[in-house]
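Taking it in order: structure first as structure tokens, then the write-up.
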Amino acid sequence: MSLSVGIVGLPNAGKSTLFNALTRAGAAVGNYPFTTIEPNTGMVPVPDTRLDRLAELFHPPKVIPAMVTFTDIAGLVRGASRGEGLGNKFLGHIREGSAIALVVRDFEDTDITHVEGSVDPVRDIDVIELELQLADLETVTKRLEKVEKTVRLQKEKATETVAVLQRVRDHLDGGAPVRTMQLNAAERAILHDLWLLTANPMVVVVNVAEGAAVAEPSAAVRGRAGQSGGDVVVISARIEAELAELEPADRGAFLADLGIAEPGLDLLARHAYRLLDLITFFTAGEKEVRAWQLRRGLTALDAAATIHTDFAKGFIRAEVSDAEDLLAAGSYNALREQGKQRLEGKDYLVKDGDVVHFRFNL
Ligand code: GDP
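One point on numbering: in full-length UniProt numbering, the residue at position 261 of the sequence shown is 261, and numbering is uninterrupted.
Set out below in structure tokens:
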């Protein structure tokens, strides 16, 4: 699996500026692979100092970071769910398992038109959320009509499905996103293939003027995002764009001058990780050092399957240590002497920062 973030927002909110900055900044980090799948989709490495330090320890020919896919979803405007603008066509890019980054404009600039006529981030969240909810409402209503027809044929299962769909429909009808509903695993499974947009976790990205990038989000924006079950980050897309033009080595000083703690890519990746409940584990040796993404709460067997089906099929044991312990010890031998490498079985719950070596036999 790969972490994926769909960037949505009104025109002129700063989406493309941010998207270009993120993908360019990512592309310039060492010789990490960078791929443009489509013009509006870019894959960039997830920043992780543990990976960098493990690479320094082992000096392998290959260093492979975990990747995050950003998709710039253009064209969402008021009325998009009724077919205005290009919005609906692009909404298909938001898949289950992605996080939504909702970019709102919070900078004044008389040269840049605001489609809604004024700068008002809370209203813009309302507009976009409404469009996403209406799109979901349409999806759910259509499915409901279809299922209700078959209810008499395959009674029990269909009745349960109808009940969940009706609950979701009423929730959306009340102006709230699916992510704020309490749903159990069975109910989630029923909704799974509908790819409901508002079921995805959301982070509101407040795009502020260059001088305001260190500011905290306003209470109003925080409150509005919270009401939709969302997180908030403050970013200046302009600064990110300038940052992306710099050599990686010069970026730290540039940010320090502005009093900014970390680049927007790091910030967004970190939030998306948390929202999607992902962790990183590592495989590390002389041949390759690599970061892998895994959903929190999954096992050593799941981790093995992420790497290769053979690892899972022939799974014997996992040798597990913590990346910081390995880095402190300086080698696997020293780590073992210190008793800091464990042998774990299939059901071991993988933790963020684990370095795993799989023993398998086919
Ligand atoms: P999109 O339609 O959401 O993709 O918006 P763009 O990224 O194309 O940005 C629209 C315009 O706003 C562009 O001319 C950007 O240069 C400008 N812009 C983006 N962020 C900022 C900012 O923080 N400050 C100012 N003054 N302009 C910005």
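Each residue gets a CB set at the ideal place from its N, CA and C atoms; glycine is no exception.
(message) For residue 249 and residue 73, what's the separation of their Cα atoms in angstroms?
(response) CA-CA distance, residue 249 to residue 73, rounds to 31 Å.
(request) Report the three-state DSSP secondary structure of residue 252 (helix, strand or coil). (result) Reduced to three states, the DSSP call for residue 252 is helix.
(message) Only counting the same chain, and skipping five residues up and downstream in sequence, which positions put a Cβ closer than 6 Å to that of residue 136?
(response) The residues 172, 196, 197 and 198, in chain order, have a CB closer than 6 Å to that of residue 136 in the same chain once the five nearest residues on each side in sequence are set aside.
(message) For residue 354 and residue 322, what's the separation of their Cα atoms in angstroms?
(response) Roughly 5 Å separates the two Cα atoms.
(request) Run the CB neighbour count on residue 247, radius 10 Å, all protein chains shown included, and call it buried at 16 or more, exposed below. (result) Label assigned to residue 247: exposed.
(message) Looking at residue 71: is its Cβ nearer than 9 Å to the Cβ of residue 2?
(response) Not closer than 9 Å, so no.
(message) Counting C-beta neighbours from all protein chains within 10 Å, is the total for residue 37 16 or more, i.e. buried, or is it exposed?
(response) Bear in mind that the predicted position of residue 37 carries a pLDDT of just 48, short of 50, making it unreliable; the figure below should be weighed with that in mind. Counting other Cβ atoms within 10 Å of its Cβ, residue 37 stays below 16 and is therefore classed as exposed.
(message) Going by DSSP, what residue range makes up the beta strand (DSSP E) through residue 262?
(response) Note, residue 262: premise wrong, no beta strand (DSSP E); not H, not E.
(request) Work out the CA separation of residue 109 and residue 319 for me, nearest whole Å. (result) The straight-line gap from Cα to Cα measures roughly 56 Å.
(message) Could you compute how far the alpha carbon of residue 294 sits from the alpha carbon of residue 303?
(response) C-alpha separation (whole angstroms): 7 Å.
(request) Using DSSP bridges, identify the partner residues of residue 62. (result) Partner(s): 288.
(request) Ignoring anything shorter than 4 residues or poking outside the segment 193-239, list the alpha helix (DSSP H) runs there in chain order. (result) Taken in chain order, the complete alpha helix (DSSP H) segments of 4 or more residues contained in the segment 193-239 are 219-227.
(request) Quick one: measure Cβ to Cβ for residue 105 and residue 13, integer angstroms, because I've assumed they're closer than 8 Å. (result) Contact between residue 105 and residue 13 holds, since their C-beta atoms are separated by about 4 Å, short of 8 Å.
(request) Spatial neighbours of residue 134 within its chain, please: CB distance less than 7 Å, with the 5 preceding and 5 following residues excluded, ordered by chain position. (result) For residue 134, where only same-chain residues beyond five positions count, the Cβ hits under 7 Å are 81.
(message) So the candidates are 226, 240, 111 and 287; which of them puts its Cα closest to the Cα of residue 357?
(response) Checking every option, the nearest Cα to that of residue 357 belongs to 287.
(message) Please report the distance separating the alpha-carbon of residue 176 from that of residue 291.
(response) Distance between the alpha carbons of residue 176 and residue 291 is about 36 Å.
(message) Among 261, 300 and 342, whose alpha-carbon lies nearest the alpha-carbon of residue 349?
(response) Put simply, of 261, 300 and 342 the residue whose alpha carbon is nearest the alpha carbon of residue 349 is 300.
(request) Give the C-beta separation of residue 151 and residue 159 to the nearest angstrom, bearing in mind that I take them to be a contact with Cβ-Cβ under 8 Å. (result) Sure, about 6 Å apart at Cβ, within 8 Å.
(request) Count the other CB atoms, across all protein chains shown, that sit within 10 Å of the CB of residue 333; report buried if there are 16 or more and exposed otherwise. (result) Residue 333 counts as exposed, since fewer than 16 other beta carbons sit within 10 angstroms of its beta carbon.
(message) With H, G and I counted as helix, E and B as strand and the rest as coil, what does DSSP make of residue 354?
(response) DSSP, read as helix, strand or coil, puts residue 354 in strand.
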